[in-house]
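Trainee:
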Amino acid sequence: MTSVDIAIIGAGAAGLAAGKACQALGKSFVVLEAKDRIGGRAYTESEIFGTPWDCGGHWLHSASVNPLRVMADELGVEYLKRRSFLNLHLHLGTGWADAATRAACDAAMEADFDASEALGRAGRDVAVVEAFDTGGRWFRLTDHMSEAISALRVDQISTLDYHHYSDTEENWPVVAGYGALVAACGAGVPVSLETTVSAVDYTGAGVVLTTSKGTVKARAVIITVSTNVLASGRIRFTPGLPVALSRALEAVPTGLANKVVVQFSRDVFGLPETSNLYFMDERDATRPARSFQIRPFGQEMAIDYLGGAQAVEWEAAGEAATFDATKRVLADVFGNDILKHVTKMAATSWGTDPHTLGAYSCALAGAAGQRAVLGEPVQEKIYLAGEAVHPTWFSTVHGAWASGRETAEKVAAGLG
Ligand SMILES: Cc1cc2nc3c(=O)[nH]c(=O)nc-3n(C[C@H](O)[C@H](O)[C@H](O)COP(=O)(O)OP(=O)(O)OC[C@H]3O[C@@H](n4cnc5c(N)ncnc54)[C@H](O)[C@@H]3O)c2cc1C
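Heads up, my numbering is the position in the sequence shown plus 325, with the first residue counted as 1.
#1: Which residues in the same chain have their Cβ closer than 8 angstroms to the Cβ of threonine 668, if we skip the five residues on either side of it in sequence?
#2: Looking only at C-alpha atoms, which of Val585, Gly694 and His383 sits nearest to alanine 645?
#3: Which of the three DSSP states is assigned to methionine 470 in this structure?
#4: Determine which residues share a DSSP beta bridge with lysine 584 and list them.
#5: Is DSSP giving glutamate 370 helix, strand or coil here?
#6: Using the Cα positions of leucine 574 and alanine 339, report the straight-line distance between them to the nearest angstrom.
#7: CA-CA distance, proline 679 and glycine 365?
#8: Hey, alanine 452 and isoleucine 482 are a contact pair by Cβ (cut 8 angstroms); roughly how many whole angstroms apart?
#9: Is the region 516–528 close to the region 392–401, with three or more CB pairs under 8 angstroms?
#10: Mind reading off the beta-carbon distance from valine 722 to isoleucine 547? Whole number of angstroms is fine, and I expect it under 8 angstroms.
#11: Would you call the region 662–676 and the region 462–475 touching, i.e. three or more CB-CB distances under 8 angstroms?
#12: How close, in whole Å, do the beta carbons of serine 616 and alanine 473 come, if the pair is a contact with beta carbons under 8 angstroms?
#13: Can you tell me which of the three DSSP states proline 621 falls into?
#14: Write down the C-beta distance between proline 377 and alanine 501 rounded to the nearest angstrom, noting that I regard them as a contact closer than 8 angstroms.
#15: Quick check: the Cα distance between alanine 397 and valine 499, rounded to an integer number of angstroms?
#16: Assuming histidine 386 contacts aspartate 492 (C-beta within less than 8 angstroms), just tell me the rounded distance between them.
#17: In the DSSP assignment, find the unbroken beta strand (DSSP E) run with histidine 414 in it and report its ends.
#18: Report back the beta-carbon spacing between valine 801 and alanine 543 to the nearest angstrom; my notes put them in contact at under 8 angstroms.
#19: When DSSP builds the beta bridges, which residues end up paired with proline 498?
#20: Look at the Cβ atom of tryptophan 791, then the Cβ atom of lysine 352, and state whether they are nearer than 8 angstroms.
#21: State yes or no: is the C-beta of glutamine 618 within less than 8 angstroms of the C-beta of isoleucine 628?
#22: What distance in whole Å lies between the Cβ atoms of aspartate 450 and asparagine 485, which are believed to be in contact at a cut-off of 8 angstroms?
#23: How many Å lie between histidine 456 and alanine 688 at the Cα?
#24: For asparagine 583, count neighbouring C-beta atoms within 10 Å of its own C-beta (all shown protein chains included) and say buried if the count is 16 or more, exposed if not.
#25: Between the beta-carbon of threonine 577 and the beta-carbon of leucine 699, is there less than 8 angstroms?
#26: Can you tell me the Cβ-Cβ gap for glutamate 598 and arginine 620, rounded? I've got them flagged as a contact below 8 angstroms.
#27: Run through DSSP, which three-state label would arginine 544 get?
#28: Give me, in chain order, the residues of the same chain whose beta-carbon lies closer than 8 angstroms to that of valine 637; leave out the 5 immediate sequence neighbours on both sides.
#29: Thinking C-alpha only, which one of Gly381, Asp592, Gly382 and Val533 is nearest proline 564?
#30: Along the chain, where does the beta strand (DSSP E) that runs through serine 328 open and close?
#31: Rounding to the nearest angstrom, what Cα-Cα distance links threonine 552 and arginine 561 in this structure?
#32: Do isoleucine 333 and threonine 549 come within 8 angstroms of each other at the CB atom, strictly closer than that value?
#33: Name the DSSP beta bridge partners of methionine 670, please?
#34: Does arginine 608 come out as helix, strand or coil in the three-state DSSP assignment?
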């Protein structure tokens, strides 16, 4: 049996940051990771296309205050310092929108998001859709972007939770991948890979963890798995988790977002590198809006991004249908001919990944206050950390990192 001060479950951003803090504070610890790799939802894949792409987090949000941006500078890791939607193009099914139409679309979407923010600021905890102009011309795009940002349906997302999110509106993509940056930041933290924790017993002094590689005894445990993984019962607790915490896990679910990547043999778009595309088909009002990254960092790729209801439907439809739908939109915008130049496609399915069961957290309408419950320790032995726990940077890599580090510091101080 391994015996340590602190056991850390998960080697995503939060787990790695917690491990790093334990190292700095001189506490004995183990990091137990179910997968055969580190990074969790911050993972850069390089083999499929022979070039890096982020399966999960890709933007350094709130870059000027983001601790990973600071570490990127120290490590000499390159990122693009720009607004997230620079080079944004809008296609309406019948053709490209002109500048005036684009401006009207931007203004309408901004008004929707401002209205949602105003409700939250006023303390109203209702679904964001209540703030949106649902009959307006651009609602389909607001709907799409809101679900991509928050990963739940617009009739589920809490205005108060949305308001609590702190954002400098600097979203800087990492050239060689955000997942690769997280791995570099966590390098030096020993991790026990392919070590699934199935049970946590906290009946006696400290905690006893049952893992696929044996038993671990610790004075306290930091759990960084997603709220959906914890709510699923995949880790059994003895005694059971407090009712208030179980309720909070249900009230702050891990919503869904996914990417479909299409690689081409040459430039088929005729757009500058790292462009963005909004698509809203005005010929068919039933067709949901979509958004793509086009030619990220000059790679001949299009990355289709869907969140919330669209991402759920997408996983349910299966890979073939998903690929077809993505190709159909690209062909509508750039012409059928481009399909001849498709070399490869890949898609994520974070909802069916047993170690994440979703993409990022969002409080349900009426339940914004439940996020704080996630951060309350159980008997000063069980501490949750990770993106869902951070009060203002939730849903993000930097929120996960900060939560992991701060939680480890708190636990270490408590242990003395
Ligand atoms: C499609 C997508 C796009 C995103 N875009 C962005 C973005 O642009 N910018 C941004 O900042 N964020 C983004 N995010 C969110 C960001 O990736 C996550 O919020 C963050 O990486 C979560 O880190 P974490 O450490 O809290 O959790 P995780 O990364 O989920 O880490 C938890 C770890 O626990 C492991 N685990 C699970 N169960 C067990 C078990 N029983 N035993 C042992 N280990 C276990 C998991 O394998 C995982 O490695 C995106 C996410 C997705 C999916």
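Ideal placement from N, C-alpha and C gives every residue a C-beta, glycine not left out.
Mentor: Reading off the structure:
#1: In the sequence shown, the residue the question calls residue 668 occupies position 343. Taken in chain order, the residues that qualify are Gln588, Phe589 and Ser590.
#2: Taking the sequence shown and counting its residues from 1, the one referred to as residue 645 is at position 320. That would be Val585, whose Cα lies nearest to the Cα of alanine 645.
#3: As a working mapping, residue 470 is identified with position 145 in the sequence shown. The answer is helix: DSSP assigns methionine 470 an H, G or I state.
#4: Along the sequence shown, one-based indexing puts residue 584 at 259. Per DSSP, Tyr630.
#5: As a position in the sequence shown, residue 370 is number 45, starting the count at 1. The answer is strand: DSSP assigns glutamate 370 an E or B state.
#6: Counting from 1 along the sequence shown, the entry for residue 574 is found at position 249. Counting from 1 along the sequence shown, the entry for residue 339 is found at position 14. For leucine 574 and alanine 339, the distance between alpha carbons rounds to 17 angstroms.
#7: Counting from one through the sequence shown, the residue named residue 679 turns up at place 354. Counting from one through the sequence shown, the residue named residue 365 turns up at place 40. Proline 679 and glycine 365: Cα-Cα distance of roughly 11 angstroms.
#8: In the sequence shown, residue 452 corresponds to position 127, counting from 1. In the sequence shown, residue 482 corresponds to position 157, counting from 1. Rounded, the Cβ-Cβ distance is 6 angstroms, consistent with contact.
#9: Verdict: no, contact absent.
#10: To locate residue 722, count along the sequence shown from 1; it is residue 397. To locate residue 547, count along the sequence shown from 1; it is residue 222. Contact between valine 722 and isoleucine 547 fails: their C-beta atoms lie close to 17 angstroms from each other, not under 8 angstroms.
#11: Flag = no, the region 662–676 and the region 462–475 do not touch.
#12: Locating residue 616 in the sequence shown gives position 291, counting from the first residue. Locating residue 473 in the sequence shown gives position 148, counting from the first residue. Between serine 616 and alanine 473 the beta-carbon gap is near 7 angstroms, inside 8 angstroms, which marks them as a contact.
#13: Position 296 of the sequence shown, counting from 1, holds the residue named residue 621. In the structure shown, proline 621 sits in a helix (DSSP, three-state: H, G or I).
#14: Sequence index remark: in the sequence shown, residue 377 carries index 52 (1-based). Sequence index remark: in the sequence shown, residue 501 carries index 176 (1-based). At roughly 6 angstroms, the Cβ-Cβ gap stays under 8 angstroms, so proline 377 and alanine 501 are in contact.
#15: One-based indexing of the sequence shown puts residue 397 at position 72. One-based indexing of the sequence shown puts residue 499 at position 174. Near 9 angstroms, if we compare the C-alpha coordinates of valine 499 and alanine 397.
#16: Indexing the sequence shown from 1 puts residue 386 at position 61. Indexing the sequence shown from 1 puts residue 492 at position 167. About 7 angstroms separates the two Cβ atoms, so the contact holds.
#17: Translated into the one-based positions of the sequence shown, residue 414 becomes position 89. Annotation for histidine 414: the continuous beta strand (DSSP E) segment containing it runs 413–416.
#18: The requested residue 801 is not part of the displayed model; the chain covers only 326 to 741.
#19: Residue mapping note: residue 498 aligns to position 173 of the sequence shown, counting from 1. Residue pairing from DSSP places proline 498 in a beta bridge opposite Trp384.
#20: Outside the modelled stretch of the chain, which goes from 326 to 741, sits residue 791, for which no answer is possible.
#21: One-based indexing of the sequence shown puts residue 618 at position 293. One-based indexing of the sequence shown puts residue 628 at position 303. Cβ atoms of glutamine 618 and isoleucine 628: closer than 8 angstroms.
#22: Start at 1 with the first residue of the sequence shown, and residue 485 comes out as number 160. Start at 1 with the first residue of the sequence shown, and residue 450 comes out as number 125. The sequence shown places leucine at residue 485, not asparagine. Contact between leucine 485 and aspartate 450 holds: their C-beta atoms lie close to 4 angstroms from each other, under 8 angstroms.
#23: Along the sequence shown, read from residue 1 onward, the residue named residue 456 stands at position 131. Along the sequence shown, read from residue 1 onward, the residue named residue 688 stands at position 363. Sequence check: residue 456 is alanine here, not histidine. Between alanine 456 and alanine 688, the alpha-carbon positions lie close to 17 angstroms from each other.
#24: Sequence index remark: in the sequence shown, residue 583 carries index 258 (1-based). Around the beta carbon of asparagine 583, 16 or more other beta carbons lie within 10 angstroms, which makes this residue buried.
#25: Position 252 of the sequence shown, counted from the start, is the residue given in the question as residue 577. Position 374 of the sequence shown, counted from the start, is the residue given in the question as residue 699. The amino acid at residue 577 is misidentified as threonine; the sequence shows valine. Less than 8 angstroms separates the beta-carbon of valine 577 from that of leucine 699.
#26: Here residue 598 is taken as the residue at index 273 of the sequence shown, counted from 1. Here residue 620 is taken as the residue at index 295 of the sequence shown, counted from 1. Taking a contact as a CB-CB distance under 8 angstroms, the pair glutamate 598 and arginine 620 counts as one, their CB atoms being some 5 angstroms apart.
#27: Position 219 of the sequence shown holds residue 544. Correct three-state label for arginine 544: strand.
#28: The sequence position of residue 637 within the sequence shown is 312, counting from 1. Correct list, in chain order: Leu581 and Gly676.
#29: The residue given as residue 564 occupies position 239 in the sequence shown. Nearest of Gly381, Asp592, Gly382 and Val533 to proline 564, Cα basis: Val533.
#30: Your numbering for residue 328 matches position 3 in the sequence shown. Residue range 327–334 is occupied by the beta strand (DSSP E) that includes serine 328.
#31: Here residue 552 refers to the residue found at position 227 of the sequence shown. Here residue 561 refers to the residue found at position 236 of the sequence shown. Roughly 14 angstroms separates the two Cα atoms.
#32: The sequence position of residue 549 within the sequence shown is 224, counting from 1. The sequence position of residue 333 within the sequence shown is 8, counting from 1. Against a cut-off of 8 angstroms, the Cβ pair of isoleucine 333 and threonine 549 comes out as a contact.
#33: As a first step, residue 670 is located in the sequence shown; it is residue number 345 there, counting from the start. By DSSP's assignment, methionine 670 forms a beta bridge with Val587.
#34: For the purposes of this step, residue 608 is taken as residue 283 along the sequence shown, with counting starting at 1. Here arginine 608 sits in coil by DSSP.
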